[in-house]
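Written out as structure tokens, the structure is:
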């Protein structure tokens with residue numbers, strides 16, 4: 071049995087091959103796009119509620135500005151808390167800048183309290199004030215703060231060292247506990 075391949079049958083076979091290649095190409099491309107869309111919607115559970123590179127700015131009506139910069143923010147939805155890694159906070163009030171930094175910061179109890187851990191530093195260059203400790207916790211609404219670990223405060227030409235610290239009303243009242251040491255330069 072012989073088949074003769076004339077020009078019509080050759081053209082028909084060529085069109086079938088081209089159409090089959092186009093259909094296969096279209097199906098492959100469509101399948102890749104749907105898999106990419108599925109990959110975009112899948113969130114890695116280890117990265118859920120994490121934000122890398124945080125920059126928060128707040129301007130208040132009294133002219134006070136608060137700027138928070140952190141390497142990473144981890145939010146816990148269940149207990150309304152936030153963990154900041156390497157945060158630096160600047161509070162600017164009437165060209166008076168107070169800078170607060172630590173390795174870790176926790177905002178806890180429905181965002182009413184805070185805790186700073188490891189290498190805590192509060193600095194105001196205009197007032198020549200520097201406070202250093204390893205842990206500091208407090209309340210946002212009252213401005214009360216407690217440092218249960220050794221603390222060092224430098225105010226102008228005086229240095230105060232103690233085993234713990236209590237501050238009230240945003241630093242208006244400061245009490246150093248334990249064996250306090252005052253050094254005047």
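In the working numbering, the protein residues as written are 71 to 255. All C-beta atoms, glycine included, are put in the ideal place defined by N, C-alpha and C. None of the values given here were measured: they were computed from a predicted structure.
Cβ pair residue i, residue j closer than 7 Å
{"i": "residue 191", "j": "residue 171", "result": "yes"}
{"i": "residue 216", "j": "residue 232", "result": "no"}
{"i": "residue 151", "j": "residue 178", "result": "yes"}
{"i": "residue 222", "j": "residue 249", "result": "no"}
{"i": "residue 259", "j": "residue 120", "result": "In the structure as shown, the chain starts at 71 and stops at 255, and residue 259 therefore has no counterpart that could be examined."}
{"i": "residue 134", "j": "residue 163", "result": "yes"}
{"i": "residue 196", "j": "residue 166", "result": "yes"}
Integer-rounded CB distance, given that residue j should sit under 8 Å from residue i
{"i": "residue 136", "j": "residue 147", "result": "That belief does not hold up - the Cβ atoms of residue 136 and residue 147 are roughly 23 Å apart, past 8 Å."}
{"i": "residue 230", "j": "residue 198", "result": "Contact doesn't hold; Cβ gap of about 13 Å is too wide."}
Beta-carbon proximity list for residue i, same chain, < 6 Å, skipping 5 on both sides
{"i": "residue 21", "result": "This structure does not reach residue 21, given that the chain is present from 71 up to 255, and the question cannot be answered."}
{"i": "residue 142", "result": "122 and 155"}
{"i": "residue 262", "result": "Outside the shown range of the chain (71 to 255) lies residue 262, about which nothing can therefore be said."}
{"i": "residue 219", "result": "203, 204 and 205"}
{"i": "residue 244", "result": "237"}
Exposure of residue i, with buried meaning 16 or more beta-carbon neighbours within 10 Å
{"i": "residue 242", "result": "exposed"}
{"i": "residue 184", "result": "buried"}
{"i": "residue 209", "result": "exposed"}
{"i": "residue 153", "result": "buried"}
{"i": "residue 85", "result": "exposed"}
{"i": "residue 235", "result": "buried"}
{"i": "residue 92", "result": "exposed"}
{"i": "residue 252", "result": "exposed"}
{"i": "residue 186", "result": "buried"}
Same chain, Cβ closer than 7 Å to residue i, five either side skipped, listed in chain order
{"i": "residue 188", "result": "172, 173, 174 and 204"}
{"i": "residue 75", "result": "none"}
Contacts around residue i, its chain only, beta-carbon distance under 8 Å, and the 5 residues preceding and following it disregarded
{"i": "residue 239", "result": "212, 213 and 214"}
{"i": "residue 182", "result": "209, 210 and 211"}
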